[in-house]
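Undergrad: For the sequence shown, our numbering gives the first residue as -18, with consecutive numbering after it. We put the CB at the ideal spot given by N, CA and C, even for glycine. Keep in mind the model is a prediction, meaning the values are calculated, not measured. Sharing a structure, written as structure tokens. Questions coming.
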Amino acid sequence: MNFFRRLMTTMGAATVAAGLLTAPTLSLAAPETLAVALPGDFPGLDPSKDTSPLGFNYRLNVFDALTELQRDGSMRGRLAESWEPSADLTQWTFKLRKNVVFHDGSPFTADDVVFTTQRVLADNATPVRTFIKLVKSVEKVDDHTVKFTLIQPYGIFYRQISYLNIMSKTYFEKVGDQGYATKPVGTGAYKFVEWVKDDRMVLEAFDKSWRGALPIKKATFRPIPSEASRASALLSGEVDLVPALPPSLMTQLKSSDELNVDIAPGFRVIFAAFNPNKPPLDNPMIREAIDRGIDRQAITDKLLRGLGKPTG
């Protein structure tokens, strides 16, 4: 499997590798199993409770949202085939993909979207609620159509809904909160097999996925906190994929003939924030002086080893 060992670095972004399990690039000479090293373990299995970058690797593969952000910043449908806002942008109607089933075999319908939305809205503690907090109500129009009514106009609601991973109402009613958080099911390309905390998570390709057959049949995520240890695991063949190692390790890894290093733009922005309410930063001239004194190109060239782009 040495020929396939890969490193993905994305200008410091920490979550890009998740989508690689379903990306077309893996169809070329891809092995049927893949071992992935991550910087930590997953915070939990309930997709309605978590928005962490680490959890993204799990959520993106096991669950689907209605829409999905692409690398170029555009949006495409995932469980939604299309969407249409009202003229005043307070209502959004989504046409849902048909013939989709959850990992337990239950069909995906508008009932699942309504259930998931209402469950998140009722939980003030979940960070997922932040992304759909403008939803006043959600209703099932028919089995494959759902309508959201917002408390105010919102032109990018179709983007925010991409953070809502759809859960099975039927399965939840059988197993409850604890059951779903122990053995979750989604409509994603990969189904949950096991999670041994601080050791591994195992996923298997879902043979009834609406995406069709996938080249990788099994993926194991391993938490390896040390950056150097993750790089060593990659070099030794212990793992096949390491997302987003720091630029400081890139020279060593790029020099290896057995590694395939992919570099792609990410969405992470590194920034410094001021508190303008306290001196001396309440003085706009001080803030401007600091801004002018920051050599963004030097940071890009020296600290990021060229794996970045000044944005301001």
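In terms of residues, what are the limits of the alpha helix (DSSP H) holding Tyr161?
TA: Position 180 of the sequence shown, counted from the start, is the residue given in the question as residue 161. Run containing Tyr161: 150 to 163, per the alpha helix (DSSP H) assignment.
Undergrad: According to DSSP, is Phe112 part of a helix, a strand, or is it coil?
TA: As a first step, residue 112 is located in the sequence shown; it is residue number 131 there, counting from the start. Reduced to three states, the DSSP call for Phe112 is helix.
Undergrad: So for Phe23, helix, strand or coil by DSSP?
TA: For the purposes of this step, residue 23 is taken as residue 42 along the sequence shown, with counting starting at 1. In the structure shown, Phe23 sits in coil (DSSP, three-state: anything other than H, G, I, E or B).
Undergrad: Does the segment 75 to 94 come within contact of the segment 161 to 170, defined as at least 3 CB pairs closer than 8 Å?
TA: With a cut-off of 8 Å, the segment 161 to 170 and the segment 75 to 94 count as touching, because enough Cβ pairs lie within range.
Undergrad: In the structure shown, what three-state DSSP assignment does Glu185 receive?
TA: Locating residue 185 in the sequence shown gives position 204, where the first residue counts as 1. Glu185 falls in the strand class under three-state DSSP.
Undergrad: Buried or exposed for Asp282, please, with buried defined as at least 16 other CB atoms from any protein chain shown within 10 angstroms of its CB.
TA: In the sequence shown, residue 282 corresponds to position 301, counting from 1. Exposed.
Undergrad: Are the beta-carbon atoms belonging to Leu15 and Leu284 less than 8 Å from one another?
TA: The sequence position of residue 15 within the sequence shown is 34, counting from 1. The sequence position of residue 284 within the sequence shown is 303, counting from 1. No, they are not a contact pair.
Undergrad: Just to confirm before moving on: does the CB-CB distance between Leu60 and Ile147 stay below 8 Å?
TA: Residue numbering aside, residue 60 sits at position 79 when the sequence shown is read from its first letter. Residue numbering aside, residue 147 sits at position 166 when the sequence shown is read from its first letter. The answer is yes: Cβ separation under 8 Å.
Undergrad: Quick check on this structure: which residue in Ser55, Thr74, Phe44, Met231 has the alpha carbon closest to the alpha carbon of Thr97?
TA: Residue numbering aside, residue 97 sits at position 116 when the sequence shown is read from its first letter. If we check each option's Cα against that of Thr97, Phe44 comes out closest.
Undergrad: Drop a sphere of 10 angstroms on the beta-carbon of Thr(-4), count the other beta-carbons inside from all chains shown, and report buried for 16 or more, exposed for fewer.
TA: Sequence index remark: in the sequence shown, residue -4 carries index 15 (1-based). Reliability of the predicted coordinates at Thr(-4) is poor, the pLDDT of 28 falling under 50, and the value obtained from them is presented with this limitation in mind. It counts as buried.
Undergrad: Tell me, please, which residues DSSP counts as bridged to Pro66.
TA: What you label residue 66 is simply residue 85 of the sequence shown in a count that begins at 1. Answer is Trp73.
Undergrad: Using the Cα positions of Gln99 and Leu19, report the straight-line distance between them to the nearest angstrom.
TA: Your numbering for residue 99 matches position 118 in the sequence shown. Your numbering for residue 19 matches position 38 in the sequence shown. So the two alpha carbons sit approximately 32 Å from each other.
Undergrad: Is it right to say Asp27 is buried, meaning 16 or more other beta carbons lie within 10 angstroms of its own, or is it exposed?
TA: Looking up residue 27 in the sequence shown gives position 46. Buried, because 16 or more other Cβ atoms sit within 10 Å of the Cβ of Asp27.
Undergrad: Could you round the C-beta distance between His125 and Leu77 to whole angstroms and report it? I think they count as a contact, below 8 Å.
TA: Within the sequence shown, the letter at position 144 stands for residue 125. Within the sequence shown, the letter at position 96 stands for residue 77. That pair is a contact at about 4 Å.
Undergrad: Once DSSP output is grouped into helix, strand and coil, what is the label at Val174?
TA: Position 193 of the sequence shown, counted from the first residue, corresponds to residue 174. Val174 falls in the strand class under three-state DSSP.
Undergrad: Taking the straight line between their C-alpha atoms, what separation do you get for Lys259 and Glu120?
TA: Taking the first residue of the sequence shown as 1, we reach residue 259 at position 278. Taking the first residue of the sequence shown as 1, we reach residue 120 at position 139. C-alpha separation (whole angstroms): 47 Å.
Undergrad: Counting along the chain, where does the alpha helix (DSSP H) carrying Leu234 start and finish?
TA: Reading the sequence shown from its first residue, position 253 is the one you call residue 234. Segment 231 to 235, the alpha helix (DSSP H) holding Leu234.
Undergrad: What's the call for Thr90, buried or exposed, on a 16-neighbour Cβ count within 10 Å?
TA: On the sequence shown, residue 90 is found 109 positions in, with the first residue counted as 1. By the 10 Å Cβ count, Thr90 comes out buried.
Undergrad: Count the other CB atoms within 10 Å of the CB of Ser55; is the residue buried (16 or more) or exposed (fewer)?
TA: The residue given as residue 55 occupies position 74 in the sequence shown. The residue in question, Ser55, is exposed, as its Cβ has fewer than 16 Cβ neighbours within 10 Å.
Undergrad: Looking at the unbroken alpha helix (DSSP H) that takes in Gly274, where does it start and where does it end?
TA: Reading the sequence shown from its first residue, position 293 is the one you call residue 274. Note, Gly274: alpha helix (DSSP H), 265 to 274.
Undergrad: May I ask which residues mark the beginning and end of the alpha helix (DSSP H) holding Ala91?
TA: On the sequence shown, position 110 is the one that residue 91 refers to. Residues 91 to 102.
Undergrad: Give me, in chain order, the residues of the same chain whose beta-carbon lies closer than 7 Å to that of Pro261; leave out the 5 immediate sequence neighbours on both sides.
TA: Within the sequence shown, numbered from 1, the residue matching residue 261 stands at position 280. If we look at Pro261 and ignore the five residues flanking it on each side, its Cβ neighbours are Ile267.
Undergrad: Would the segment 134 to 144 count as touching the segment 65 to 79 if we require 3 or more Cβ pairs under 8 Å?
TA: Flag = yes, the segment 134 to 144 and the segment 65 to 79 touch.
Undergrad: Helix, strand or coil: how does DSSP classify Thr107 here?
TA: As a first step, residue 107 must be located in the sequence shown, where it is residue number 126. Thr107: coil per DSSP, three-state reduction.
Undergrad: Using DSSP with H/G/I as helix, E/B as strand and the rest coil, what is Ala200?
TA: Residue mapping note: residue 200 aligns to position 219 of the sequence shown, counting from 1. It is a strand residue.
Undergrad: Taking the continuous alpha helix (DSSP H) assigned at Gly193, which residues delimit it?
TA: Residue mapping note: residue 193 aligns to position 212 of the sequence shown, counting from 1. Premise fails: Gly193 is in no alpha helix (DSSP H) and is neither H nor E.
Undergrad: Check Glu49 in the structure and name its three-state DSSP category.
TA: In the sequence shown, the residue the question calls residue 49 occupies position 68. Three-state DSSP puts Glu49 in a strand.
Undergrad: Within 10 angstroms of its Cβ, does Asp180 collect 16 or more other Cβ (buried), or is it exposed?
TA: Position 199 of the sequence shown, counted from the first residue, corresponds to residue 180. Answer is exposed; the Cβ neighbour count stays below 16.
Undergrad: On a Cα-Cα basis, can you pick out the residue from Gly21, Trp191, Pro12 that is closest to Arg211?
TA: Residue 211 sits at position 230 when you count from the first residue of the sequence shown. The shortest Cα separation from Arg211 among Gly21, Trp191, Pro12 belongs to Gly21.
Undergrad: Using CA coordinates, which residue listed in Asp188, Ser33, Val101 is at the minimum distance from Leu145?
TA: Translated into the one-based positions of the sequence shown, residue 145 becomes position 164. Of the listed residues, the one whose Cα sits closest to Leu145 is Val101.
Undergrad: Going along the chain, which residues of its own chain have a beta-carbon closer than 6 Å to the beta-carbon of Arg192, five neighbours each way excluded?
TA: Stepping through the sequence shown from its first residue, residue 192 is reached at position 211. Correct list, in chain order: Ala170.
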